[in-house]
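Asks:
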Amino acid sequence: MCKSFKVIAVHGSPRKEGRTAELLNYVIEELRKFDKVEIEIIHLIDHPIRFCMGCYSDDPKLCNPKNCTQGVLEDSMKSLHSKIILADAIIFATPVYWYNMSGVMKNFIDRLTALENAGKLLDNKVAGFVVAAEEDGATQVISNLMAFANDNGMLITPYSLVYSVGRGSVGKDEEAVLYARRLGQNIYRMLKIACKVKKPWKEYDD
Ligand SMILES: Cc1cc2nc3c(=O)[nH]c(=O)nc-3n(C[C@H](O)[C@H](O)[C@H](O)COP(=O)(O)O)c2cc1C
816 MCKSFKVIAV HGSPRKEGRT AELLNYVIEE LRKFDKVEIE IIHLIDHPIR FCMGCYSDDP
876 KLCNPKNCTQ GVLEDSMKSL HSKIILADAI IFATPVYWYN MSGVMKNFID RLTALENAGK
936 LLDNKVAGFV VAAEEDGATQ VISNLMAFAN DNGMLITPYS LVYSVGRGSV GKDEEAVLYA
996 RRLGQNIYRM LKIACKVKKP WKEYDD
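Be aware that the sequence shown starts at 816, since it is given in the numbering used here, and climbs by one per residue.
Okay, structure coming up:
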């Protein structure tokens, strides 16, 4: 049985104390209630992350963690790949930038392709999503993130649409706070389920 769980919260807003971070904090607050959970927050803005160079499209064999972090691609992704590989759950938190996730989050996600391609290394990890917007696009962004997570064999929690729309403190958005707290609880429940899965979901080589 799993003795403890490692949760990584990947924060993709350049504003470290903005609305995305505030909403994410409610999720983390819930997770901190469980003794067995260790949480690390990664502010992507602290990590220079280069664009994916599309090695996969040249030859899938070239898209692997080693090749993806050397030469022109030698950047923070080497240590971030290692952290992600060791995580049991990953929370993706981003503001909406033009109906999509932020650029830093997109670069980060693109560079995770090396983990998928090296043997579906995100398989069976729990995924959560947190999004802040001013007007429109939050559920669209969550859908995009969910598609990525699902196609990597990740476990998406129930009631995963955690977003706040507006300006000013997220704390005033009671529905968003409720959903964020629920996500924290559900990530823990899902971690316990994932722990019981003996083998990865992936059944076929592709
Ligand atoms: C470049 C940029 C593009 C944005 N595009 C959208 C958008 O398409 N839809 C929206 O609702 N808000 C948009 N916003 C507003 C942010 O999503 C909103 O202010 C969010 O709360 C910022 O999160 P943060 O406080 O964590 O930085 C945009 C903001 C910026 C800077």
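Glycine included, every Cβ here is placed at the ideal spot set by N, Cα and C.
Remember, it's a predicted structure, so these values are computed and weren't measured experimentally.
(1) Looking at Val985 and Leu859, is the spacing between their C-beta atoms short of 8 Å?
(2) Is Ala836 near ligand 1 - that is, is its Cβ less than 7 Å away from at least one heavy atom of it?
(3) To the nearest angstrom, how far is the alpha carbon of Gly886 from that of Asn915?
(4) With DSSP as the reference, identify every bridge partner of Glu855, one or two as the case may be.
(5) Decide if the stretch 834-848 is in contact with the stretch 866-880; the criterion is three or more beta carbon pairs, one per stretch, under 8 Å apart.
(6) Would the stretch 953-965 and the stretch 999-1006 be scored as touching if the rule is three or more Cβ pairs under 8 Å?
(7) Is it true that the CB of Val822 sits closer than 8 Å to the CB of Val852?
(8) 8 Å is my cut-off, CB to CB: does Ile900 come that close to chain D?
(9) Could you tell me the boundaries of the beta strand (DSSP E) in which Val992 lies?
(10) Heavy atom of ligand 1 less than 7 Å from the Cβ of Gly986, yes or no?
(11) Quick one: complete beta strand (DSSP E) runs, 3+ long, within the stretch 848-908?
(12) Suppose contacts are defined by Cβ-Cβ distances below 8 Å. Is Thr954 in contact with Tyr974 by that definition?
(13) Buried or exposed: which applies to Met816, given that a residue is buried once 16 or more other Cβ atoms fall within 10 Å of its Cβ?
(14) Which residues mark the beginning and the end of the alpha helix (DSSP H) in which Val842 is found?
(15) I'd like to know whether the C-beta atoms of Leu888 and Val941 end up nearer to each other than 8 Å.
(16) Does the beta-carbon of Pro910 have 16 or more other beta-carbons within 10 angstroms, so that it is buried, or is it exposed?
(17) Hey, would you say the C-beta of Asp861 is under 7 Å away from at least one heavy atom of ligand 1?
(18) What's the C-alpha gap between Lys876 and Asn932?
(19) Within 10 angstroms of the Cβ of Val1012, are there 16 or more other Cβ atoms? Answer buried if so, exposed if not.
(20) Counting C-beta neighbours from all protein chains within 10 Å, is the total for Arg1004 16 or more, i.e. buried, or is it exposed?
(21) Within a Cβ cutoff of 6 Å, which residues of the same chain sit near Glu849, ignoring the five residues on either side of it in sequence?
(22) Using DSSP's beta-bridge definition, name the partner residues of Leu927.
Replies: Quick look at the numbers:
(1) Counted from its first residue, the sequence shown places residue 859 at position 44. Counted from its first residue, the sequence shown places residue 985 at position 170. No. Outside cutoff.
(2) In the sequence shown, counting from the first residue as 1, residue 836 sits at position 21. Checking every heavy atom of ligand 1 against the Cβ of Ala836, one is found closer than 7 Å.
(3) Translated into positions along the sequence shown, residue 886 becomes position 71. Translated into positions along the sequence shown, residue 915 becomes position 100. For Gly886 and Asn915, the distance between alpha carbons rounds to 29 Å.
(4) Within the sequence shown, the letter at position 40 stands for residue 855. In DSSP, Glu855 forms a bridge with Ile823.
(5) no
(6) Between the stretch 953-965 and the stretch 999-1006 there are fewer than three C-beta pairs closer than 8 Å, too few to call the two in contact.
(7) Reading the sequence shown from its first residue, position 37 is the one you call residue 852. Reading the sequence shown from its first residue, position 7 is the one you call residue 822. Pairing Val852 with Val822 gives a Cβ-Cβ distance under 8 Å.
(8) No chain D appears in the structure shown, which is made up of a single protein chain.
(9) Mapped onto the sequence shown, residue 992 falls at position 177. Looking at the DSSP string, Val992 is not in any beta strand (DSSP E); the run it does join, the alpha helix (DSSP H), is Glu989 to Lys1011.
(10) Here the question's residue 986 lines up with position 171 in the sequence shown. False, no ligand heavy atom lies under 7 Å from that Cβ.
(11) 852-858
(12) As a first step, residue 954 is located in the sequence shown; it is residue number 139 there, counting from the start. As a first step, residue 974 is located in the sequence shown; it is residue number 159 there, counting from the start. Cβ distance not < 8 Å, so Thr954 and Tyr974 don't count as in contact.
(13) The sequence position of residue 816 within the sequence shown is 1, counting from 1. Exposed, by the Cβ-count rule.
(14) Taking the sequence shown and counting its residues from 1, one reaches residue 842 at position 27. Here the alpha helix (DSSP H) through Val842 covers Arg834 to Leu846.
(15) Counted from its first residue, the sequence shown places residue 888 at position 73. Counted from its first residue, the sequence shown places residue 941 at position 126. For the pair Leu888 and Val941, the CB atoms are not nearer than the 8 Å cut-off.
(16) In the sequence shown, the residue the question calls residue 910 occupies position 95. By the neighbour-count rule (16 or more Cβ atoms within 10 Å), Pro910 is buried.
(17) On the sequence shown, residue 861 is found 46 positions in, with the first residue counted as 1. Not so, every heavy atom of ligand 1 lies at least 7 Å from the Cβ.
(18) Position 61 of the sequence shown, counted from the first residue, corresponds to residue 876. Position 117 of the sequence shown, counted from the first residue, corresponds to residue 932. Whole-angstrom Cα-Cα distance: 8 Å.
(19) Walking along the sequence shown from the start, residue 1012 turns up at place 197. By the neighbour-count criterion, in which a residue is buried when 16 or more other Cβ atoms sit within 10 angstroms of its Cβ, Val1012 is exposed.
(20) Residue mapping note: residue 1004 aligns to position 189 of the sequence shown, counting from 1. Exposed: under 16 other Cβ atoms inside 10 Å.
(21) Here the question's residue 849 lines up with position 34 in the sequence shown. Here residue 849 turns out to be Phe, not Glu, going by the sequence shown. Contacts found: Tyr1003.
(22) Within the sequence shown, the letter at position 112 stands for residue 927. Its beta-bridge partners do not exist; DSSP assigns none.
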